[in-house]
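A short worksheet on the structure shown next.
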Amino acid sequence: MQANAASGMAVHDECKLKFLELKAKRIYRFIIFKIDAQQVVVEKLGNPEETYEDFTNALPADECRYAVFDFDFVTNENCQKSKIFFIAWSPDTSKVRMKMVYASSKDRFKREIDGIQVELQATDPSEMSLDIIKSRAL
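Set out below in structure tokens:
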């Protein structure tokens, strides 16, 4: 697959719809997206009661994914807040070609889903630990 073919990646309407539901209605804790046959599709929806650990466990160990996670936290001033994280998961063990496809399609995909507050790139689980998420949220 050529790089210009990757930049022509389609984004399935369900991706936008489910993201809007997460953002506006908070009916999902997270959404995992995958590239399948030249388009980005929804792979998994996380229920509101699922944890960050459930989310990280749902990511494949050796394949790239895009994901959004709605992170609830309490500020230093004791205010309850939430931030929507976009995580580009690109493990070292994934195929080079897939890493390139995900990397070249990322910005276009992010433009399609409006409302991301924090972006994170991770190549292994330590780069998206809960401590890092918390520090980026504040």
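Heads up, the sequence shown is in my numbering, so the first residue is -8 and it goes up one at a time.
Where is the CB? At the ideal position from N, CA and C, for every residue including glycine.
Can you tell me the Cβ-Cβ gap for residue i and residue j, rounded? I've got them flagged as a contact below 8 Å.
i	j	result
residue 2	residue 118	Contact flag wrong, Cβ pair sits at about 25 Å.
residue 31	residue 77	Rounded, the Cβ-Cβ distance is 13 Å, inconsistent with contact.
residue 43	residue 129	No, residue 43 and residue 129 are not in contact; Cβ-Cβ is about 15 Å, not under 8 Å.
residue 130	residue 23	Residue 130 is absent from the model: the chain starts at -8 and stops at 129.
residue 39	residue 18	7 Å
residue 109	residue 74	6 Å
On the DSSP letters alone, give me the boundaries of the alpha helix (DSSP H) that residue i sits inside.
i	result
residue 102	87 to 103
residue 7	4 to 11
residue 43	43 to 49
Considering only the beta carbon of each residue, do residue i and residue j sit closer than 8 Å?
i	j	result
residue 63	residue 83	no
residue 61	residue 20	yes
residue 106	residue 25	no
Considering just the uninterrupted stretch of the beta strand (DSSP E) at residue i, what are its terminal residues?
i	result
residue 73	71 to 80
residue 17	From DSSP, residue 17 is part of no beta strand (DSSP E); its letter is neither H nor E.
residue 23	21 to 27
residue 63	56 to 65
Rounded to whole angstroms, what is the Cα-Cα separation between residue i and residue j?
i	j	result
residue 96	residue 70	36 Å
residue 112	residue 81	8 Å
residue 124	residue 28	31 Å
residue 130	residue 45	Summary: the structure shown does not reach residue 130, with the chain confined to residues -8 through 129, and so no result is reported for it.
residue 88	residue 94	10 Å
residue 16	residue 0	28 Å
residue 79	residue 36	16 Å
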